[in-house]
Amino acid sequence: MAPCSSVSMAPVRADWLTPSFACLILYGFWGFLGKLALVRGLSGSQEAGLEKVGFFLTLAVILKPSSSGDPSSPGLLSQSKFAILASLLSGVTAALANMCYTRAMVHGDAGAVSAITASYPPATLLLSAVFMREKLSKSKLLGSFFTLLGAYFMARS
Numbered sequence: 001m002a003p004c005s006s007v008s009m010a011p012v013r014a015d016w017l018t019p020s021f022a023c024l025i026l027y028g029f030w031g032f033l034g035k036l037a038l039v040r041g042l043s044g045s046q047e048a049g050l051e052k053v054g055f056f057l058t059l060a061v062i063l064k065p066s067s068s069g070d071p072s073s074p075g076l077l078s079q080s081k082f083a084i085l086a087s088l089l090s091g092v093t094a095a096l097a098n099m100c101y102t103r104a105m106v107h108g109d110a111g112a113v114s115a116i117t118a119s120y121p122p123a124t125l126l127l128s129a130v131f132m133r134e135k136l137s138k139s140k141l142l143g144s145f146f147t148l149l150g151a152y153f154m155a156r157s
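With our numbering applied, the sequence shown has no gaps in its numbers, which climb one by one up to 157 at the end.
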């Protein structure tokens, strides 16, 4: 019996990997800088408000038209109304989550708070499986278990 005979070694598409790792690093800075602002004297509401100002300053870059100048690109209002609503609700939930995160950071250890709040992939996995019929694999379930286990150990004092 060959040790790896049943393991699929199919190549992994990496077009999502680079932005995923960039996101990981940026969220690390986000957590650190927010906590730094809090320990340097800002209140939780001041930090959250100023963070939103920083977010809105980036909107011009995020929402700018594509550099290709393709006039056939569909406009925002021609998109699915459900997709637009889902995107807006995503923003609302992100803002609410951010408020909870800031409140937790005011009183908690930055590493513990970040570990717990960054452990949302199991929730995303389950919601995506239920509502979008994405596949649940053994490796994703195992990864979810270890994500939550890691958060548990990071949160212990």
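For every residue, glycine included, the Cβ atom is placed at its ideal position computed from N, Cα and C.
- Remark: fewer than three beta-carbon pairs, one from each stretch, lie closer than 8 Å, so the stretch 131–145 and the stretch 95–106 are not flagged as touching.
- 20 is the residue among 20, 14, 59 whose C-alpha sits nearest the C-alpha of residue 121.
- Per the Cβ contact rule, the stretch 109–119 is in contact with the stretch 24–37 (3 or more Cβ pairs under 8 Å).
- DSSP, read as helix, strand or coil, puts residue 81 in helix.
- Where residue 117 is concerned, the enclosing alpha helix (DSSP H) starts and stops at 110–117.
- Here the alpha carbon of residue 25 sits roughly 15 Å from the alpha carbon of residue 117.
- When secondary structure is reduced to three states using DSSP, residue 123 falls in the helix class.
- Note on residue 114: 16 or more other CB atoms within 10 angstroms of its CB, so buried under the neighbour-count rule.
- Residue burial annotation: residue 59 is exposed, with fewer than 16 other C-beta atoms found within 10 angstroms of its C-beta.
- Distances from the alpha-carbon of residue 148 to those of 23, 90, 119 put 119 closest.
- C-alpha of residue 35 to C-alpha of residue 54: approximately 16 Å in a straight line.
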